[in-house]
Every structure is written in structure tokens, then in C-alpha cells.
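Encoded as C-alpha cells, the structure appears first; notes follow it.
Number of protein chains: 2
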Amino acid sequence: MHKISIKDVAKKANVSITAVSQILNNKGERFSEETIKKVLQARDELGYVPNSAARNLKVRHSRLIGIIVPSFRMPFFADIIQSMQDNAPEDVNLVFIGSTADNLQSSIYSLVERGVQALIFGRPIPNRDVVNAFLKKRHIPYLVLDQNADINAQDMVQTNEFTGGSLAASHLLSLGHRDIALILPNELTDNMRQRRAGFLDTLSAANVTPVSVISSALSKHGGLAVVHQLIQSQATAAFVLNDEMAIGVLRGLTWQNVKVPENMSIVGYDDTDYAEFMVPSLTTIAQPVAEIGQSALNMILQRLAHPNLPYQTAFFDVKLVVRESTAKLLLD
Amino acid sequence: MHKISIKDVAKKANVSITAVSQILNNKGERFSEETIKKVLQARDELGYVPNSAARNLKVRHSRLIGIIVPSFRMPFFADIIQSMQDNAPEDVNLVFIGSTADNLQSSIYSLVERGVQALIFGRPIPNRDVVNAFLKKRHIPYLVLDQNADINAQDMVQTNEFTGGSLAASHLLSLGHRDIALILPNELTDNMRQRRAGFLDTLSAANVTPVSVISSALSKHGGLAVVHQLIQSQATAAFVLNDEMAIGVLRGLTWQNVKVPENMSIVGYDDTDYAEFMVPSLTTIAQPVAEIGQSALNMILQRLAHPNLPYQTAFFDVKLVVRESTAKLLLD
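Protein chains in written order, with our numbering: chain A, 724 to 1055; chain B, 724 to 1055.
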């Protein structure tokens, strides 16, 4: 099969190769509408696809950015992804890849091979040195969200996770709770460790230690699975490190006839878009998810435009959102 | 900058070009572990990336499949995406693109330019003829999920939507409800129209017409927004065409002190992973989401292997999942 070239398009449209090139690269302002139409039509009729690599070297017009996330099922990432998608400039294409620790390197390799110009990591990078060396060598900038803690190694977007944990603790203490449980995912990312540290630190300053620390799977079912243990702990309140898990906890407590917030206060973390729709609606720590996504995208675009800028870190505040799942401790 | 070639890798590893090529294409069984290690090390040290186009033509080893969805926020698509991701063979890379009707064509163009070998559409295709011609010309097979109704035009994965709507109606009728409302998204995809038709048909066979048909945004907030209208309609039950909207309806009814299911039965559609965690848990129509994702992926891989097979349609059954949000009509 004869590979269609730009020459074929020029011949069919009866214009110069330069004209075709400029029009297809969105630099055809000086041509008449009729000429532009002729060229686009010729392109489509012939099925011409510009050579991607050559095109990127020359004009850098359509930039491809890859975003790697641990799971498409977690609303926190779904929200970040959607905010990037909604805010991407017209000449930027985003592709999203879901990746486990095992296939992360192969995912990166595949994206790079396809001509990706920059990467955003929304998941921890297990083999950090290898990945870093691989990308640096190929001059592919990358940005990490706060699942990776090593500030100043590259561009980062972070939220104040320590404060987030601390806000959860202060809220429960201020409601009179002292018998407080902490519910964690089995595997903690760097940011979750900070979240936990902020929580424990603030409890400790009030001379409180958790009556129970319970680990489970990072999912709604994982939350559901710890309800029995939570009830046995005699806690009057619990901080659940993640909204997904908290939703499972809420549902399980209802099934066990434990009233929230009358008999148990629950605080989640993330303020995913389900939190306000729960019954009772979930008190939680809100991260500005849309801003995080937008900021990450802007920062990596800036990096592509100015490769030699010093590394940047965008730092976002979190806030406590009080809803129905927390209340003052009732004295017997 | 000198572009690193396979020759450089061979020279550095002190082996033949054929050896490098076979090892990098996973066909290096006959070489010693030491040789393989030397080649991989040389590749990584030099930062060699094989020419994607050439590589695909010759070995078709890493296949790239693009999946286009309307939104990453809708759990139905998050579940389908995740099931594809979990089931993709090692040598298949999946990229996901979120696309509005406006930028759909540019998304497709960009993916094709990057060497995508096949596409799966999880959203309606507005300019169907143009897209079809564009892809056919480039010999890029595509598959549509059931947001597009034109069976036999290409490979498809469908569920029995008419039956789904019908099951919802039968369930409510069997519980004694006759004053039934229908809550719809503002914009209906082809499959939702079938869902609605199945529902209305089954009501009609029992001489029932909906007391109210209410449209709103396809979101939890959209569901929340119609609660007042639903209460005013004097309905004792409602079929909500989508779980997301149903979750909003449930939450709104609780705020208005309308008890579900005592005073109002609610049936959703999709059985997203939140349905069972609602309070009350949501009766809904389940689509086999994991199987849909897996089947779509398998079908498109088969198409890549056998381009001339007749078009296929995989057809999945749906089922009613009865939970707490529906109950027998209480007589006053």
C-alpha cells in the first residue's frame, strides 16, 4: 500500500506543500476559507496522517500528556482526571493509563514509545530511581501528585495532609470524644502517612491515644469489613483515612443498628462527590480536587515550555466539611 | 542530538543487531541470561526507544487500543474501564480518553496519529458517517458499546436494555404500585431509549401510565433536583433510569422526610458499586459490567487478529437486584 504523503494532499487540493503544511498545523490564517476547506477535504479523502514524530519535532503542536493512576474506580482520581480533561487546552491531548505496581514500568515505556511528551504520576512509583533515570535520559518531564513525598526532586502538586489529619482530630476532640478509633488502608502511601501523623499528633497533644487502630482494604467493602471490630473497640468516634472506606463503615453501622452520629461519629477524608449524598451525609476533609488537577496540568505544560525552570511545588490547603455524620458526645 | 539507534545498542552490548532486535522483541529465548542482561542494560543506559511505527509494522508486539468514554466520573464507565485494564493481555496497552461530543473527532485523530490500532467507543458518536469513513480508510477497527444502536455496522457489545426497563416495571407492579413516576436524564442515548420503551411497554400492558415523567441532569445533583416534583406527583414509586440520579433522589427524599421504601419505592439502573452501600440500599437493574468490558476487549483483539471476520454482536442479559429501596405498597 502506497503511504499517503503530504505531497499527495497538496496535489489533490491543487495547492503547494507549504500551504498544506501550514493549514494542517493550524497556521493557515493567511489562506482563504475555500483553500483551507479544499486541503482538509483532500486530507480526509486520502486518509493522510502526518508522521507523528516528525510533526512533533517540528511544530510541537499537538502535545500528548500521559496520566498514570492506580485505579479508575476511586472517585478521588476520577475527579482529578475529569478536571484535567475539562481544562486541557485544545492542542493538548491527554491519555490516561491505569497501572499496578507490577506493570508501571511497561506502561511508562509504552507511553514514551508512542511519543508522549510529559507524564503525571497519580500513584506511587515503586522503582523510583530506575523510572527517574529512564525519563531524565529521554528528556521527558514528569510531575508527581502527593502519593510521592520527595519534594524538590521534580515538579509536584501537594496538599497539606498533616493539617488534614489534624483537623479531623481537633473536630472529634472539640465534640467531646476521647474514645476514638483510627481506620486505615492496609497499604499507606506517603501522603496517607502524613495524614495519620497529623491525626495522632493532635490527639497526643490532648493526651489521647486511639482506643483502636484497624487496617483493612482500601475500598467500601474494606470499610464494611471492620465494622464489627469498630463496635467492639467501644469507640464513640472514628477517623477513617479515606471516604471510600468511610462509606463502607457507615453502611455497616446502619446494618448493626449503631446510629450515626448519635452513637458513633465518623469523619472521612477526600470529600469525594458521594460524601454529601450518604445517609447520614459524611463529615470529611476536603481536598480541592479540581484545583489539584488543573494545577498539575498547568505546571507540566509550563515545564514543557520552559524545561530549565527550577522545580516547583504547588501546595494546596485542605478544609474540614462538617455534615451529619459527626455530633457531640452524648453523656449517659 | 544524535538519535540513539539499535546499532548503538548492539555496539555497546557487544552483540549483533539481530540479537538486540530479538531480545528487545521478547524473542531472545536462545540467548544466555548474561547476553539478555547486557542488551537490556545497554538499552537503558543509552535511552534507546524503538521506532514505534516500524516496530508495529514488523512485529505487532505491543498493541495499543484506545477507549473513548464520555466521563471518568460515571461509575458505570469506571467499572468497565477497570475490568478492561484488569484483563488486558501483557502485550496490549490501553489508553483511555474522555471526550465530549465537540472534541470527539480531534481525540480520534490524535489517537490514530499516535499509532492506535483499534478503538472502543463507550459514548455516542455524533458524526457517525465521518468517523466511520475516517477509520475505515485507515483500516482501524472499532467497536461500539450499546450507546449506539446500529447493530451490524461493526462489532458491538450490547445488553438487553428493553428487558431491563421491563423488569423494573414488573417489579413495581408486582408490589402493588400503580402510581408510578419515571425519572429520565435530559439527554437519552439509544440504549436509554430502549430502557424507557421496555418500562412503558410493560406498564401499558397492565393499563398503567406514569403519573409523571420528569427529566433532569444525568448526575446525583440532577436526581436531587427533581425530588420536590416527584413528591408532588403523588407517585408511590419511581423508576430512575440511572443509579447516579437514583442516589440523588434517595438523598433528597430523606431530607424531605419521605421514607424509602415505606412511602416511596425507588428502582435505579446499572447496579454501580455504590448501590448496595446506600441507606436504604438501592434496588436496581444490574448489567454485567465486568463481562461487558472483558468481552469488548476480547472482541476487538480478535478483530485485530482476523480483520475479515463478519461483524459480531455480544449480547448480555440484565437482572433485577432487589434491595431495601422497594417494598409492597402500603394501603392506607
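Ideal Cβ placement from N, Cα and C applies to all residues, glycine included.
One finds Val1002 in chain B with Cβ atoms closer than 8 Å to the Cβ of A/Thr977, taken in chain order. Secondary-structure assignment with DSSP links A/Gly991 through a beta bridge to A/Thr1007. Per DSSP, the beta-bridge partners of A/Asp878 are A/Leu866.
Straight-line spacing of the CA atoms in B/His894 and B/Pro1003 works out to 17 Å. Taking CB atoms only, B/Ser728 has no neighbour in chain A less than 8 Å away.
Bridge pairing for B/Lys1042: B/Ala1009 [DSSP].
The beta carbons of A/Met968 and A/Ser942 sit closer together than 8 Å.
For B/Pro908, the pairing in a beta bridge is given by DSSP as B/Ser939. As the crow flies, the alpha-carbon of B/Leu964 is around 30 Å from that of B/Leu817. About 6 Å separates the beta carbon of B/Val972 from that of B/Ile989, a gap short enough to meet the 8 Å contact definition. At a C-beta separation below 7 Å, B/Ala801 has these neighbours in chain A: Phe795, Arg796 and Ala801.
Taking a C-beta cut-off of 7 Å against chain B, the contacting residues of the region 935-953 of chain A are Lys943, listed in chain order. Classified as exposed, B/Asp814 has fewer than 16 neighbouring CB atoms from the shown chains inside 10 Å of its CB.
Separation of the CB atoms of B/Val732 and B/Arg766 is rounded to 5 Å, and the pair is thereby assigned contact status at 8 Å.
The beta-carbon separation of B/Ser939 and B/Ala929, rounded to 26 Å, does not stay under the 8 Å limit for a contact. Residue contact check for A/Leu787 against chain B: a CB pair falls below 8 Å.
For B/Phe922, no Cβ of chain A is located within less than 8 Å of the residue's own Cβ. Sequence-distant partners of A/His900 (beyond 5 residues in either direction) whose C-beta falls short of 7 Å from its own C-beta, in its chain, are Thr959, Ala960, Ser988 and Leu1052. Its chain contains Leu868, Ile1015, Ser1018, Ala1019 and Ala1037 as the residues whose beta carbon lies nearer than 6 Å to that of A/Val880, once the 5 sequence neighbours on both sides are disregarded; these appear in chain order.
Distance between B/Phe800 and B/Gly821, taken at the CA atoms: about 10 Å. Of all alpha-carbon atoms in B/Leu747, B/Val950, B/Pro1030 and B/Val854, the one lying nearest the alpha-carbon of B/Ser935 is that of B/Val950.
Around the beta-carbon of A/Ile740, fewer than 16 other beta-carbon atoms lie within 10 Å, marking it exposed.
In this structure the region 821-832 of chain B lies against the region 845-859 of chain B, because at least three pairs of beta carbons, one per stretch, are closer than 8 Å.
Beta bridge pairing from DSSP links B/Gly821 with B/Val792. Looking from the CA of B/Pro1030, the closest CA among B/Gly887, B/His944, B/Pro864 and B/Ala1050 belongs to B/Pro864. For A/Phe844, the enclosing beta strand (DSSP E) starts and ends at Ala841 to Phe844.
Straight across, the Cα-Cα distance linking B/Gly751 with B/Glu768 is about 20 Å. Taking the Cβ atoms as the reference, B/Thr995 lies roughly 5 Å from B/Asp966, within the contact range of under 8 Å. Here DSSP, grouped into helix, strand and coil, assigns B/Asn810 to helix.
DSSP, read as helix, strand or coil, puts B/Thr1036 in strand.
In the structure shown, B/Ala1050 adopts coil according to DSSP, grouped into three states.
Beyond the five residues adjoining it in sequence on each side, A/Ala892 comes within less than 6 Å, by CB distance, of Phe922, Thr925 and Leu926 in the same chain, given in chain order. Look at A/Tyr865: its C-beta is not under 8 Å from any C-beta on chain B. Here B/Ser755 is exposed. Its C-beta has fewer than 16 other C-beta atoms within 10 Å. Burial is judged here by how many other beta carbons sit within 10 angstroms of a residue's own beta carbon; A/Ala736 has at least 16 and is buried.
Restricting attention to B/Gln1010, B/Arg753 and B/Ser829, the CA atom closest to the CA of B/Gly887 is found in B/Gln1010.
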